[in-house]
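Numbering (the working numbering), first residue to last: 11 to 167. Glycine included, C-beta positions come from ideal geometry on N, C-alpha and C.
Printed below as a string of structure tokens:
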């Protein structure tokens, strides 16, 4: 019987992530489902992806993980972040039901227009998960949160 490939059960967006020493618990701070901007084009702030991977099986010495954000119209990669995850030689084999949590930082990138951007996760260059990140104009009548300021100057009037 053929094994199912590794799967990404969750892709969470947040401003910060802390991993507690000793317990290895994650604190996901200021999670969000959409990004709002006052004008376009606009540079995003840096943010984090918290990933839950499953269906890793057997003895694994290492694997490569990549997260990227793709433009909805062209498919161009706007930003990406990669890591090589190494495991100790004396680590036990993975069981199918094991869930591995990974945190991937994403650097700022330019968003030229509103739309539904794709966040894609790859393990060893194989796509294992995808989530839509809606990018929308800031709702009229509301003010920008204090620490969040545009990094891209507005066009001259």
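Handout entry: Proximity of residue 76 and residue 132 at Cβ, strictly below 8 Å
Key = For the purposes of this step, residue 76 is identified with residue 66 of the chain shown, where counting begins at 1. For the purposes of this step, residue 132 is identified with residue 122 of the chain shown, where counting begins at 1. The answer is yes: Cβ separation under 8 Å.
Handout entry: Complete runs of the beta strand (DSSP E) confined to the stretch 62-111 [at least 3 residues]
Key = DSSP assignment within the stretch 62-111 yields the following whole beta strand (DSSP E) runs of 3 residues or more, N-terminal first: 72-80, 87-96.
Exercise for the section: Consult DSSP for residue 149 and reduce its assignment to one of helix, strand or coil. Expected result: As a working mapping, residue 149 is identified with position 139 in the chain shown. Residue state, collapsed to three classes: coil.
Practice task
Decide yes or no for the touch test of the stretch 38-45 against the stretch 69-88: beta carbon pairs closer than 8 Å, at least 3 of them.
Solution key: In this structure the stretch 38-45 does not touch the stretch 69-88; the number of beta carbon pairs closer than 8 Å is below three.
Handout entry: Span separating the alpha-carbon of residue 21 from that of residue 48
Key = The residue labelled residue 21 in the question sits at position 11 within the chain shown. The residue labelled residue 48 in the question sits at position 38 within the chain shown. One C-alpha to the other measures close to 25 Å.
Exercise for the section: Could you have a look at residue 122 and say whether DSSP puts it in helix, strand or coil? Expected result: For the purposes of this step, residue 122 is taken as the residue at position 112 of the chain shown. In the structure shown, residue 122 sits in coil (DSSP, three-state: anything other than H, G, I, E or B).
Problem - Pairwise C-alpha distance: residue 151 and residue 108 - result: Numbered from 1 along the chain shown, position 98 holds the residue referred to as residue 108. Numbered from 1 along the chain shown, position 141 holds the residue referred to as residue 151. A straight line joining the alpha-carbon of residue 108 with that of residue 151 spans about 46 Å.
Exercise for the section: Specify the secondary structure class of residue 49 as computed by DSSP and reduced to three states. Expected result: The residue given as residue 49 occupies position 39 in the chain shown. Residue 49: coil per DSSP, three-state reduction.
Practice task
Give the DSSP bridge partners of residue 114, in chain order.
Solution key: Within the chain shown, residue 114 is the residue found at index 104, counting from 1. Looking at the DSSP assignment, residue 114 forms a beta bridge with 59.
Practice task
Return the chain-ordered list of same chain residues with a C-beta closer than 7 Å to the C-beta of residue 167, the five sequence neighbours on each side being excluded.
Solution key: Reading the chain shown from its first residue, position 157 is the one you call residue 167. With a pLDDT of only 48 at residue 167, under the threshold of 50, the placement of this residue in the model should not be trusted; the figure read from the coordinates follows. The beta carbon of residue 167 sits closer than 7 Å to no other beta carbon from its chain once the five residues preceding and following it are set aside.
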